[in-house]
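Numbering-wise, UniProt numbering puts 84 at position 84 of the sequence shown, and it's gapless, one number per residue.
Just so you know, even glycine gets a beta-carbon here, dropped at the ideal spot from N, CA and C.
Keep in mind that this is a model prediction, so the values were computed, not measured.
Everything below concerns the one structure shown next.
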Amino acid sequence: MSDVLRIESVRIHPGSATREEAMKEAADLLQATGSVTDEYFAAMQQREETVSTYMGNELAIPHGTNETKQAILASGLSVVRYDGGVDWGGEPVTFVVGIAGKGDEHLEILSQIAILFSEEDDVARLKAASTPEELFEALSGSVNA
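This is the structure in structure tokens:
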């Protein structure tokens with residue numbers, strides 16, 4: 001499960017986005033790296049209708065449903081920071097982490113992200129990164145281990 005996060009899947013936006021736009025960008029980045037098919041965005045929308053993927057601490061982790069596993073080609077992550085925020089069903093989100101896990105790998109990936117975002121100091125460090133490269137470096141040690 002090495003290198004699920006690649007530099008080309010990390011973005012920083014100074015503005016805000018809608019939840020729909022943020023999920024679309026997360027899915028598009030996963031698709032661009034060959035992790036998912038174009039069906040994956042619809043799978044993310046399905047999941048969101050069932051249960052919110054807001055995790056607290058300014059983090060949302062949109063992902064597909066078990067029924068749409070065929071849309072996942074390889075495990076991957078996308079990370080987008082919206083400095084203007086995203087209204088995630090009434091919750092403030094800065095980080096949108098798209099996740100696609102082949103087999104059961106999503107559980108391990110989710111746990112690494114949850115640990116990273118459970119520490120306020122780590123979240124502050126991720127918010128302080130001024131370039132996608134800095135953000136990638138701050139994240140890759142945790143998720144590409």
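### Message
So, for Pro14: in the same chain, excluding its five sequence neighbours on each side, which residues have a beta-carbon less than 8 Å away from its beta-carbon?
### Response
Correct list, in chain order: Asp83 and Gly84.
### Query
So Ile12 and Ser35 are in contact, right, with Cβ under 8 Å, and what is the actual spacing, rounded?
Rounded, the Cβ-Cβ distance is 20 Å, inconsistent with contact.
### Query
Pairing CB atoms from the stretch 62-69 with CB atoms from the stretch 25-45, are three or more of them under 8 Å?
Output reads yes: the stretch 25-45 touches the stretch 62-69.
### Task
Would you list the residues sitting across from Gly64 in a DSSP beta bridge?
The partner list for Gly64 (beta bridge, DSSP) is empty, contrary to what the question assumes.
### Task
With a 10 Å radius around its C-beta and 16 neighbouring C-beta atoms as the bar for buried, classify Leu135 as buried or exposed.
Result: buried.
### Task
Give me the Cβ distance between Val97 and Leu59, rounded to the nearest whole Å; I'm assuming they're in contact under 8 Å.
Their Cβ separation, rounded to whole angstroms, is 7 Å, which keeps Val97 and Leu59 in contact under 8 Å.
### Query
Do the CB positions of Ile61 and Ile99 come within less than 9 Å of each other?
Result yes, Cβ atoms of Ile61 and Ile99 sit closer than 9 Å.
### Task
Could you have a look at Thr53 and say whether DSSP puts it in helix, strand or coil?
It is coil, neither helix nor strand.
### Query
How would you write the range of the alpha helix (DSSP H) that Gly76 sits in, first residue to last?
From DSSP, Gly76 is part of no alpha helix (DSSP H) but of the beta strand (DSSP E) over Gly76 to Trp88.
### Query
Does the beta-carbon distance from Leu5 to Val123 come in below 9 Å?
Taking 9 Å as the cut-off, the beta carbon of Leu5 is found no closer than this to the beta carbon of Val123.
### Query
Along the chain, where does the alpha helix (DSSP H) that runs through Pro132 open and close?
Annotation for Pro132: the continuous alpha helix (DSSP H) segment containing it runs Pro132 to Val143.
### Query
Expressed to the nearest angstrom, what Euclidean distance is found between the alpha-carbon atoms of Gln31 and Ala129?
When rounded, the separation of the alpha-carbon atoms in Gln31 and Ala129 is 25 Å.
### Task
State the Cα-Cα distance for the pair Lys127 and Thr37, rounded to the nearest angstrom.
Looking at the two C-alpha atoms, the distance is approximately 30 Å.
#### Entry: Gly15 - DSSP class collapsed to helix/strand/coil
DSSP places Gly15 in coil when its eight states are reduced to three.
### Task
Determine the burial state of Glu25: buried for a count of at least 16 other Cβ atoms within 10 Å of its Cβ, exposed for fewer.
A residue is called buried when at least 16 other Cβ atoms come within 10 angstroms of its Cβ; Glu25 meets this threshold and is buried.
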